[in-house]
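2 protein chains.
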Amino acid sequence: MSTVWLDADQQLAWRRYLEGRARLHDAIGREHDAHLSVSLEEYEVLVRLSESPTESVRMSSLADGLAHSRSRTTHTVRRMEDRGLVRRGPVPGDRRGVLCTLTEEGRRTLVAEAPAHVAAVRRYLVDVLTPDQLRTLGEAMDAVTARCREDGVC
Amino acid sequence: MSTVWLDADQQLAWRRYLEGRARLHDAIGREHDAHLSVSLEEYEVLVRLSESPTESVRMSSLADGLAHSRSRTTHTVRRMEDRGLVRRGPVPGDRRGVLCTLTEEGRRTLVAEAPAHVAAVRRYLVDVLTPDQLRTLGEAMDAVTARCREDGVC
DNA sequence: TCTGAGTCGTTGAAGGTTCAACTATGGACG
DNA sequence: CGTCCATAGTTGAACCTTCAACGACTCAGA
Numbered sequence: 324m325s326t327v328w329l330d331a332d333q334q335l336a337w338r339r340y341l342e343g344r345a346r347l348h349d350a351i352g353r354e355h356d357a358h359l360s361v362s363l364e365e366y367e368v369l370v371r372l373s374e375s376p377t378e379s380v381r382m383s384s385l386a387d388g389l390a391h392s393r394s395r396t397t398h399t400v401r402r403m404e405d406r407g408l409v410r411r412g413p414v415p416g417d418r419r420g421v422l423c424t425l426t427e428e429g430r431r432t433l434v435a436e437a438p439a440h441v442a443a444v445r446r447y448l449v450d451v452l453t454p455d456q457l458r459t460l461g462e463a464m465d466a467v468t469a470r471c472r473e474d475g476v477c
Numbered sequence: 324m325s326t327v328w329l330d331a332d333q334q335l336a337w338r339r340y341l342e343g344r345a346r347l348h349d350a351i352g353r354e355h356d357a358h359l360s361v362s363l364e365e366y367e368v369l370v371r372l373s374e375s376p377t378e379s380v381r382m383s384s385l386a387d388g389l390a391h392s393r394s395r396t397t398h399t400v401r402r403m404e405d406r407g408l409v410r411r412g413p414v415p416g417d418r419r420g421v422l423c424t425l426t427e428e429g430r431r432t433l434v435a436e437a438p439a440h441v442a443a444v445r446r447y448l449v450d451v452l453t454p455d456q457l458r459t460l461g462e463a464m465d466a467v468t469a470r471c472r473e474d475g476v477c
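Protein chains in written order, with this note's numbering: chain A, 324 to 477; chain B, 324 to 477.
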């Protein structure tokens, strides 16, 4: 708030964040490439769908929840539909909407590949932090999300 | 280490991290798009170069420091060279190497645009966290980086 | 000095994301 | 109702990153 520049501590934290962020995404992405049939982003789509009682989520909610653009979500879901992991249908009561639904194949894939995904998250994030660090990390990133929403930068 | 699954706290922290990470990158990226002539990635290249006493860094060191692939670095630097922000030359003593150097134009760009960049980092990260949270965030991501290096996943 | 393994950086193609433009539907308000 | 603006989602092109293959150079050891 006060000055324009970052002090040494702030600068250090920002640098460490940038580097860790890049390496973490890279490391987990490599695990997916090596051992799973779906990318990290596609995996997250499967998770969101599986968490819905109907195993289906509207495109815009999906985009919102994943913090992805609508366009990106369209492309991702189309590719997944081509591979039989999800299917698209109408939203009851709103003819603009598209409902994305988990297929049998999508559910099987999620169940089969979840352990490897979780193992990667543990190996590169959860297991290298203390419970306190992990909690603080979550709270910090939650504050970031709140500010972004506040600014309408979504 | 112990079990295969994440408990509720771990799951929550991971989710918050994923969402905050996406939104933070997006928010700062938008600031760059709107008010600066260089992207966040290009800006980081300029910063690294400016921090060297000679205002030049070898391609591989640049790639390493930014946690980018060598290929990505080549493409990024080529685009920046086309715009006159950096220039490439030989590394004294190793004819395999390429030395990337800040140009006058690159230095001017960095000086002119740093305030807007820093303002974005403050607005979306530094200012929404307590000093403790920010420090812990940095330490946590540093631990992630250490694990990735340990695994040779770079 | 020759050989072989490793490092450095580039290249072009393939794949994913972003952006702007577009169609279609919904909802508020006269 | 009819107009107007907002929302939902798609499309294709431009752009960036990734990947595999490559040429060039270095270094260590026989």
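Note that the Cβ used here is the ideal one computed from N, Cα and C, for glycine as well.
For the region 385–408 of chain A, the set of residues with a beta-carbon nearer than 7 Å to any beta-carbon of chain B comprises A390, in chain order.
Judged by pairs of C-beta atoms under 8 Å, the region 450–457 of chain B does not touch the region 378–386 of chain B, as fewer than three such pairs exist.
Contacts with chain B (Cβ-Cβ distance below 9 Å) from the region 454–468 of chain A involve P454, D455, Q456, L457, R458, T459, L460, G461, E462, A463, M464, D465, A466, V467 and T468, listed in chain order. The C-beta distance from W328 (chain B) to V444 (chain A) rounds to 10 Å, too long to fall under 8 Å, and the pair is not in contact. Its Cα nearest to that of E342 (chain A), the residue B:E367 stands out among B:E367, B:D349 and B:R346. Rounded to whole angstroms, the gap between the alpha carbons of R418 (chain B) and R411 (chain B) is 13 Å.
For P413 (chain B), the uninterrupted beta strand (DSSP E) run begins and ends at V409 to V414, by DSSP. Closer than 8 Å at the C-beta level to chain A, one finds these residues of the region 359–377 of chain B: E367.
The three-state reading of DSSP puts T453 (chain B) in coil, since its state is none of H, G, I, E or B. Pairing Q456 (chain B) with T459 (chain A) gives a Cβ-Cβ distance under 8 Å. Within the same chain, R381, G420, V421 and L422 come within 7 Å of V414 (chain A) by CB-CB distance, once the 5 residues on both sides are set aside. Chain-ordered, the chain A residues with CB closer than 9 Å to the CB of D332 (chain B) read P454, L457, R458 and G461. In terms of beta-carbon proximity, R339 (chain A) lines the interface with chain B, with at least one pair separated by less than 8 Å.
Within the region 418–438 of chain B, the residues whose Cβ lies closer than 7 Å to some Cβ of chain A are P438, listed in chain order. The beta carbon of R371 (chain B) is closer than 8 Å to those of V380, L385, G388 and L389 in its chain, skipping five residues each way along the sequence.
G416 (chain B) has its alpha-carbon roughly 42 Å from the corresponding atom of L363 (chain A). Residue-level contact check: G343 (chain B) touches chain A, since one or more beta carbons of chain A fall below 8 Å from its beta carbon. When B:G352, B:T424, B:A469 and B:A357 are compared, the shortest CA-CA separation from E378 (chain B) is found for B:T424. For V421 (chain A), the uninterrupted beta strand (DSSP E) segment begins and ends at D417 to L425.
DSSP, read as helix, strand or coil, puts V327 (chain A) in coil. Annotation for H358 (chain A): A439 place their beta carbon closer than 7 Å to its own, counting only its chain and skipping 5 residues before and after.
Contact between L433 (chain B) and S373 (chain B) is confirmed by a C-beta separation of about 6 Å, below the 8 Å threshold.
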